[in-house]
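Colleague: What follows is a structure written as structure tokens; I'll ask about it next.
Protein chains: 2
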Amino acid sequence: MAFGDKMVRIAVDAMGGDYAPEEIVKGAILAAKEETGVELTLVGRLDILEDKLTGFDAPGNITIEAAPEVIEMGENPSWAVRAKKNSSIVVGMKLVQEKKGDAIVSAGNTGAVVGAAFLILGRIKGISKPAIATIIPTPSKPVLLLDVGATTDCKPQNIFQFAKMGQAYLTNVLRIENPSIGILSIGEERGKGNELVQEAYGLLEKSKLKFIGNVEGRDILFGKADIVVCDGFTGNVALKLMEGMAEMFFSKVKSTITESFASRLGGLLLAPGLKKLKRKLDYQEYGGAQLLGINGVCIISHGSSKAKAIKNSIRLAADTVRKDVVLAIKESIENDRERE
Amino acid sequence: MAFGDKMVRIAVDAMGGDYAPEEIVKGAILAAKEETGVELTLVGRLDILEDKLTGFDAPGNITIEAAPEVIEMGENPSWAVRAKKNSSIVVGMKLVQEKKGDAIVSAGNTGAVVGAAFLILGRIKGISKPAIATIIPTPSKPVLLLDVGATTDCKPQNIFQFAKMGQAYLTNVLRIENPSIGILSIGEERGKGNELVQEAYGLLEKSKLKFIGNVEGRDILFGKADIVVCDGFTGNVALKLMEGMAEMFFSKVKSTITESFASRLGGLLLAPGLKKLKRKLDYQEYGGAQLLGINGVCIISHGSSKAKAIKNSIRLAADTVRKDVVLAIKESIENDRERE
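Residue numbers (the working numbering), protein chains in the order written: chain A, 1 to 340; chain B, 1001 to 1340.
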């Protein structure tokens, strides 16, 4: 492995996310202390970050890169990336482009991160559109879902490439041999789904991938496939719905517990088990999503990430660099070409 | 109201669904006993149904209409509807076409029900594509989601018509005045979403509907809008994901409860509250989905419907006939024309 003994240098967008910069800085400090072999560069407003680092007693493997501008969460991504050249997202991405960083972690405006990565780092040859791949925590096993929001309007070929990238990622980074791949649809039978799914099905079926056909929403949760591919619109709707369901469910169980004395006692007795379940289904444990298809490692953390999620994102970034997912995807695409 | 005092005659597809005919017949008998002013016609295989009705001691307001063929759950819908003219779905639909029935209830092959309704009953003038509208049980309030599977590839105009139909349904049948309408998307801001959503947004924005803009998956659950519109592919993925999440949660809580003596005791104390929550989130309570846009009342029950769900579907069918949703949609479309 190229990075076996080398330091992994990670640019962290300190200004992106609902709890930036506070929680981002905290998360970076946690990671810098716990992870060996990483050097972190917090990208953002110099005055704020210097102040925070001093306050939090930061270790020596964290430095600061000045980026006076901030792309806000609601801003138009393509406009913002072009207009705000000194934003933390653009400056961080340039560190990776200039080989001063091996990866970038951002909890900021997802569209802007995807846009900046595409513009500055460029896409992997043979991949037309990028995809955000995220691990869905399910009770049975983690499932990789992609795309969850990078490419909202897809062609069948894009979905096929997502499957290839997902396979390369799972095989090389998560060491899952020959992962099974399903396409998100609305019925198990071949022929179910919209036109996009039906055409992508045809491409997947002819490939050497371990394609298991259509999977439905509930199948994601019951671990029917290791990888589930879909367009970025459907994937993002699904992801947010799962998060919302988990949130609603735990909040409703909580209010059920507070209803009476008996239920409060019951809740007390059940608390350890419920906490364990909640942790198991918590996206923060998984540390964010991978932007696949670009020439670099880019981890997109959830907008509502707190310190723990940022720490896990940094760990994921380091691991992804060491296992060289970009090379794995390149080889996977290259192999296909040779076969043709 | 046209049906204030008149009998409502409902054709019930006795052969459709995972638990047909047993649970369908049971559900019909429950409805025939509990509901006043309904006459039910069980459509299906004569020998089986006669046998069941005798066994279950059926009341007098249930009759049988012979339909020797059955469209299976996995069969290709458009083929099956054309080939199996004597299937329970086609025969039931013809009862409505010939005015021998006011509505049809089926838990069978959804594609076949939609196809047969479209072919036999025809669509409402001014509506290009049908939509399946279903009530999503959420803790705050019921939300109407459409389309959940009738039209998988939509044009912006279809989404707009779904909103009109949803409004007519909610106003006339559920008596919700001036319901708010959101479009399912992947971000709150205007401009978020795929091309379809962005174009449909433009149509909704210009209309007289109470359009509140984009809503995300989690917003469905937190009751941000009374009606959420989307294409039938996305809606079906979302629906099945929500069902799957609820199923997974309750099964996981159950296994959490059985983990230890303390947790078993805790579960016992929490049982009444959890049961109440489960019932609140149970689709069976709502009795199925409405197929909107066709010239007739057609209730599509969940494939896994048991007697209770069928009974509720029959009740919903009777209510929908009495409140004349078809007329309401026609008037809503007509009003728009006059304004133009």
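Note that CB positions come from ideal geometry on N, CA and C, so glycine has one too.
Return yes when the Cβ of A:GLU65 is within less than 9 Å of the Cβ of A:GLY92, no when it is not.
Modeller: The residue you call residue 92 of chain A lines up with position 92 of the first sequence. The residue you call residue 65 of chain A lines up with position 65 of the first sequence. Their beta carbons are under 9 Å apart, which means A:GLY92 touches A:GLU65 by this criterion.
Colleague: Using 10 angstroms around the beta-carbon of A:GLY122, count the other beta-carbons present and answer buried if the total reaches 16, otherwise exposed.
Modeller: Here residue 122 of chain A refers to the residue found at position 122 when the first sequence is read from its first residue. Under this definition A:GLY122 is an exposed residue.
Colleague: Buried or exposed, going by whether 16 or more other CB atoms sit within 10 Å of the CB of A:THR54?
Modeller: Against the first sequence, residue 54 of chain A aligns to sequence position 54. Exposed, since its Cβ has fewer than 16 Cβ neighbours within 10 Å.
Colleague: Pick out whichever of A:LEU170, A:LEU145, A:GLY273 and A:ALA168 has its Cα sitting closest to the Cα of A:ARG218.
Modeller: Locating residue 218 of chain A in the first sequence gives position 218, where the first residue counts as 1. The shortest Cα separation from A:ARG218 among A:LEU170, A:LEU145, A:GLY273 and A:ALA168 belongs to A:LEU145.
Colleague: Mind checking whether A:VAL70 and A:ALA11 have CB atoms under 9 Å apart?
Modeller: Position 70 of the first sequence, counted from the first residue, corresponds to residue 70 of chain A. Position 11 of the first sequence, counted from the first residue, corresponds to residue 11 of chain A. No. Outside cutoff.
Colleague: What runs of the alpha helix (DSSP H), each 4 residues or longer, lie entirely inside the segment 302-336 of chain A?
Modeller: Counting whole runs of 4 or more residues, the segment 302-336 of chain A contains the alpha helix (DSSP H) stretches 307-322.
Colleague: Ends of the alpha helix (DSSP H) at A:ARG175?
Modeller: In the first sequence, residue 175 of chain A corresponds to position 175, counting from 1. Where A:ARG175 is concerned, there is no enclosing alpha helix (DSSP H), given that its DSSP letter is neither H nor E.
Colleague: Terminal residues of the continuous alpha helix (DSSP H) containing B:LYS1129?
Modeller: In the second sequence, the residue the question calls residue 1129 of chain B occupies position 129. Taken as a continuous stretch (DSSP letters only), B:LYS1129 belongs to no alpha helix (DSSP H), as it is neither H nor E.
Colleague: May I ask you to verify whether the segment 101-115 of chain A touches the segment 285-300 of chain A, counting CB pairs closer than 8 Å and requiring at least 3?
Modeller: In short, these stretches touch, since the Cβ pair count reaches three.
Colleague: Start and end of the alpha helix (DSSP H) containing A:PHE261?
Modeller: Counted from its first residue, the first sequence places residue 261 of chain A at position 261. Unbroken alpha helix (DSSP H) run through A:PHE261: 261-280.
Colleague: Name the two residues that bound the continuous alpha helix (DSSP H) containing B:THR1054.
Modeller: By one-based count along the second sequence, residue 1054 of chain B stands at place 54. Here the alpha helix (DSSP H) through B:THR1054 covers 1046-1056.
Colleague: Should A:ASP57 be flagged as near chain B, meaning a C-beta pair shorter than 9 Å?
Modeller: As a position in the first sequence, residue 57 of chain A is number 57, starting the count at 1. Answer no: the Cβ-Cβ gap between A:ASP57 and chain B never drops below 9 Å.
Colleague: From B:ARG1315 to B:TYR1169, what distance separates their C-alpha atoms?
Modeller: As a position in the second sequence, residue 1315 of chain B is number 315, starting the count at 1. As a position in the second sequence, residue 1169 of chain B is number 169, starting the count at 1. So the two alpha carbons sit approximately 16 Å from each other.
Colleague: Strictly below 7 Å CB to CB, what residues from chain B border A:ALA262?
Modeller: Here residue 262 of chain A refers to the residue found at position 262 when the first sequence is read from its first residue. Residues of chain B passing the Cβ test: LEU1269.
Colleague: For the segment 1171-1202 of chain B, enumerate the residues whose C-beta is nearer than 9 Å to any C-beta of chain A, in chain order.
Modeller: Residues LEU1184, SER1185, ILE1186, GLY1187, GLU1188, GLU1189, GLY1191, LYS1192, GLY1193, ASN1194, GLU1195, LEU1196 and VAL1197.
Colleague: Quick check: B:LEU1204 and B:ALA1150, are their CB atoms within less than 9 Å of each other?
Modeller: Within the second sequence, the letter at position 204 stands for residue 1204 of chain B. Within the second sequence, the letter at position 150 stands for residue 1150 of chain B. In this structure, B:ALA1150 does not lie closer than 9 Å to B:LEU1204 by Cβ.
Colleague: So B:SER1047 and B:GLY1108 are supposed to be a Cβ contact under 8 Å. How far apart are they, rounded?
Modeller: On the second sequence, residue 1047 of chain B is found 47 positions in, with the first residue counted as 1. On the second sequence, residue 1108 of chain B is found 108 positions in, with the first residue counted as 1. The displayed chain sequence assigns Asp, not Ser, to residue 1047 of chain B. Not really, about 19 Å apart at Cβ, beyond 8 Å.
Colleague: Can you give me the Cβ contacts of A:THR63 inside the same chain, cut-off strictly under 6 Å, excluding the 5 residues immediately before and after it?
Modeller: By one-based count along the first sequence, residue 63 of chain A stands at place 63. Closer than 6 Å at the Cβ level, and outside the excluded window around A:THR63, lie THR41.
Colleague: Of all Cβ atoms in chain A, is any one closer than 9 Å to the Cβ of B:GLY1244?
Modeller: Residue mapping note: residue 1244 of chain B aligns to position 244 of the second sequence, counting from 1. It does; some Cβ of chain A falls within 9 Å.
Colleague: Provide the residue span of the beta strand (DSSP E) that contains A:THR63, from first to last.
Modeller: By 1-based counting over the first sequence, the position of residue 63 of chain A is 63. Looking at the DSSP string, the run of the beta strand (DSSP E) that includes A:THR63 is 62-66.
Colleague: What are the boundary residues of the alpha helix (DSSP H) that includes A:ARG218?
Modeller: Locating residue 218 of chain A in the first sequence gives position 218, where the first residue counts as 1. Note, A:ARG218: alpha helix (DSSP H), 217-221.
Colleague: Just how far apart, CA to CA, sit A:MET248 and A:ALA83?
Modeller: Indexing the first sequence from 1 puts residue 248 of chain A at position 248. Indexing the first sequence from 1 puts residue 83 of chain A at position 83. A:MET248 and A:ALA83: Cα-Cα distance of roughly 38 Å.
Colleague: Please report the residue range of the alpha helix (DSSP H) in which A:VAL113 lies.
Modeller: By one-based count along the first sequence, residue 113 of chain A stands at place 113. Taken as a continuous stretch (DSSP letters only), the alpha helix (DSSP H) holding A:VAL113 covers 110-116.
Colleague: Based on DSSP bridge pairs, tell me the residues matched to A:THR41.
Modeller: What you label residue 41 of chain A is simply residue 41 of the first sequence in a count that begins at 1. A:THR41 is bridged to A:ALA11 and A:THR63.
Colleague: Whole angstroms are fine: how far does the CA of B:ASN1178 sit from the CA of B:ILE1333?
Modeller: Here residue 1333 of chain B corresponds to residue number 333 of the second sequence, with the count starting at 1. Here residue 1178 of chain B corresponds to residue number 178 of the second sequence, with the count starting at 1. Using only the alpha carbons, I get a separation of about 16 Å.
Colleague: Flag B:THR1063 as yes if its beta-carbon sits less than 9 Å from any beta-carbon of chain A, otherwise no.
Modeller: Position 63 of the second sequence, counting from 1, holds the residue named residue 1063 of chain B. Chain A contact via Cβ: absent.
Colleague: Between B:LYS1323 and B:VAL1173, which are expected to be in contact by the criterion C-beta below 8 Å, what is the C-beta distance as a whole number of angstroms?
Modeller: As a first step, residue 1323 of chain B is located in the second sequence; it is residue number 323 there, counting from the start. As a first step, residue 1173 of chain B is located in the second sequence; it is residue number 173 there, counting from the start. Contact flag correct, Cβ pair sits at about 5 Å.
Colleague: Should B:ALA1032 be flagged as near chain A, meaning a C-beta pair shorter than 9 Å?
Modeller: The count along the second sequence starts at 1 and reaches residue 1032 of chain B at position 32. Not an interface residue.
Colleague: Report the CB separation of A:THR258 from B:LEU1270 in whole angstroms; it is logged as a contact under 8 Å.
Modeller: Taking the first residue of the first sequence as 1, we reach residue 258 of chain A at position 258. Taking the first residue of the second sequence as 1, we reach residue 1270 of chain B at position 270. That belief does not hold up - the Cβ atoms of A:THR258 and B:LEU1270 are roughly 11 Å apart, past 8 Å.
Colleague: Using a threshold of 9 Å, state whether the C-beta atoms of B:GLY1182 and B:VAL1228 are closer than that.
Modeller: Position 182 of the second sequence, counted from the start, is the residue given in the question as residue 1182 of chain B. Position 228 of the second sequence, counted from the start, is the residue given in the question as residue 1228 of chain B. Going by C-beta atoms, B:GLY1182 is nearer than 9 Å to B:VAL1228.
Colleague: Under 9 Å Cβ-Cβ, which residues of chain B neighbour A:GLU216?
Modeller: Locating residue 216 of chain A in the first sequence gives position 216, where the first residue counts as 1. Going along chain B in sequence order, the residues near A:GLU216 (Cβ under 9 Å) are ASN1236, VAL1237, LYS1240, LEU1241 and GLY1244.
Colleague: Leaving out the 5 sequence neighbours to the left and right, which residues in its chain are closer than 7 Å to A:ALA116 when beta-carbon positions are compared?
Modeller: Residue 116 of chain A sits at position 116 when you count from the first residue of the first sequence. VAL81, ILE89, VAL90 and MET93, listed in sequence order.
Colleague: Does the beta carbon of A:ILE300 come closer than 9 Å to any beta carbon on chain B?
Modeller: The residue given as residue 300 of chain A occupies position 300 in the first sequence. Taking Cβ atoms only, chain B never reaches closer than 9 Å to A:ILE300, which makes this a no.
Colleague: If contact is defined by three or more beta carbon pairs under 8 Å, each pair taking one atom from either stretch, is the segment 1126-1141 of chain B in contact with the segment 1186-1193 of chain B?
Modeller: Flag = no, the segment 1186-1193 of chain B and the segment 1126-1141 of chain B do not touch.
Colleague: Looking at B:LYS1278 and B:GLY1126, is the spacing between their C-beta atoms short of 9 Å?
Modeller: Locating residue 1126 of chain B in the second sequence gives position 126, counting from the first residue. Locating residue 1278 of chain B in the second sequence gives position 278, counting from the first residue. No, the pair does not count as a contact, with Cβ atoms beyond the cut-off.
Colleague: Judging by CA-CA distance, which residue of B:ALA1289, B:VAL1325 and B:ALA1328 is the nearest neighbour of B:ALA1309?
Modeller: Sequence index remark: in the second sequence, residue 1309 of chain B carries index 309 (1-based). Minimum Cα distance to B:ALA1309 is reached at B:ALA1289.
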